[in-house]
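Undergrad:
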Amino acid sequence: MAAPQDQRIAVPIDDPNADTEWNDILRKQGVIPERPPSPTPMIEEAILEGRRLAHENRLEGKDLDELDELEDDEDEEFLEQYRKKRMAELGALQKKAVHGSVYPISKPEYQREVTDASKNGPVFVNLTSAMGTNVESKILTELWRQAAEEYGDVKFCEIRASQAIENYPDRNCPTILVYKDGDIVKQIVTLMTMGGVRTNMQNVDSLLVEVGAVPESDMRVVKRRRAAEDAEEERLLGGKTIKTGTAGRNDDDDDSDWD
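In UniProt numbering, the protein residues as written are 1 to 259.
1. Express the C-alpha separation of Ala-231 and Arg-224 in angstroms, rounding to a whole number.
2. Which one of Asp-181, Glu-45, Phe-156 has the shortest CA to CA distance from Thr-128?
3. Report yes if the C-beta of Glu-210 is less than 7 Å from at least one heavy atom of the ligand MG; otherwise report no.
4. So for Leu-191, helix, strand or coil by DSSP?
5. Excluding five sequence neighbours on each side, which residues of the same chain lie with their C-beta closer than 8 Å to the C-beta of Tyr-110?
6. Who are the near neighbours of Ser-101 in its chain, counting only those whose CB is closer than 6 Å to its CB and skipping five residues on each side?
7. Which one of Arg-112, Val-114, Pro-174, Gln-146 has the shortest CA to CA distance from Met-131?
8. What number of angstroms, rounded off, separates the C-alpha of Glu-34 from the C-alpha of Ile-25?
9. Between the Cα of Ser-106 and those of Lys-119, Arg-145, Ile-176, Ser-162, spot the shortest distance and give me the residue it belongs to.
10. Between the Cα of Asp-181 and the Cα atoms of Pro-104, Tyr-103, Lys-28, Arg-112, which residue gives the shortest distance?
11. Please state whether DSSP places Asp-116 in a helix, a strand or coil.
12. Given a cut-off of 8 Å on the beta-carbon distance, is the pair Leu-207 and Val-214 in contact?
13. For the candidate residues Asn-23, Val-178, Met-219, Glu-21, whose alpha-carbon lies nearest to that of Thr-115?
14. Determine the burial state of Leu-236: buried for a count of at least 16 other Cβ atoms within 10 Å of its Cβ, exposed for fewer.
15. Using the beta-carbon count (16 or more within 10 Å), is Pro-41 buried or exposed?
16. Quickly, what does DSSP pair Pro-104 with across the bridge? List them, please.
17. How is Asn-203 classed by DSSP in three states: helix, strand or coil?
18. Work out the CA separation of Ile-43 and Phe-124 for me, nearest whole Å.
19. Roughly how many whole angstroms lie between the Cα atoms of residue 260 and Ala-228?
20. Whole angstroms is fine: what's the gap from Gly-30's alpha carbon to Asn-23's?
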């Protein structure tokens, strides 16, 4: 006896995602799944939300002088709210600013000034090089001083690596150690992962935020980040202007700039 033939009709489906009348019929019959929602409305909604948040936070990171300069552009009541917020933040920082400079420490002081002190807040230690030719160590020492002045609420210490750890390789300098609650929570050997000789205060800001020493919304962090973004935008715009202004110059003129 012959096997029964399949009586089902093969339904032609060219593109199940195509917006056709035939596909609409197939979707109603459950032959093909419903079309996924278009991402366009979600993208537009995300863009609008981003613009809304940017507008709401447009004054974040601005100091009192910068807020005063916006008196003609912003609603006075709105500006006054931010002034009060800034003054409260500054007052809180001044109360917490118990340091303000780098603590040069010796090995006998290490336990007290670093390990024990970290139980009251993060302590950042710079293990410096004994060699005057270590460029990265020089860079971090300068950044350490600037950070200590700006972040008076955070403790920054410095000690020769060879004094802290016997036979510590100079090639590993500078080394950053971050202590919290009596333990090392972060260790960075040389500045390679932070930017090398290009390491700057933005990298230090990122480290402070990463370990929880300051929040990402800290006005000092926000202000420096925005300043860097503005500088980059100005650089890009300036580059376009220079390119337009030098159009038509011959190769000899271009080469002469490098002579």
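Ideal placement from N, C-alpha and C gives every residue a C-beta, glycine not left out.
TA: Walking through what the data contain:
1. 10 Å
2. Phe-156
3. Looking for the ligand MG in the displayed structure turns up nothing, as the structure carries no ligands at all.
4. coil
5. Ile-159, Ala-164
6. Ala-148
7. Pro-174
8. 11 Å
9. With distances taken between Cα atoms, Ser-106 lies closest to Ser-162.
10. Arg-112
11. helix
12. no
13. Val-178
14. Leu-236 is exposed by the Cβ-count criterion.
15. exposed
16. Glu-158
17. In this structure, Asn-203 counts as helix in the three-state DSSP scheme.
18. 42 Å
19. Residue coverage of the chain in this structure runs from 1 to 259, which leaves residue 260 outside it and unanswerable.
20. 10 Å
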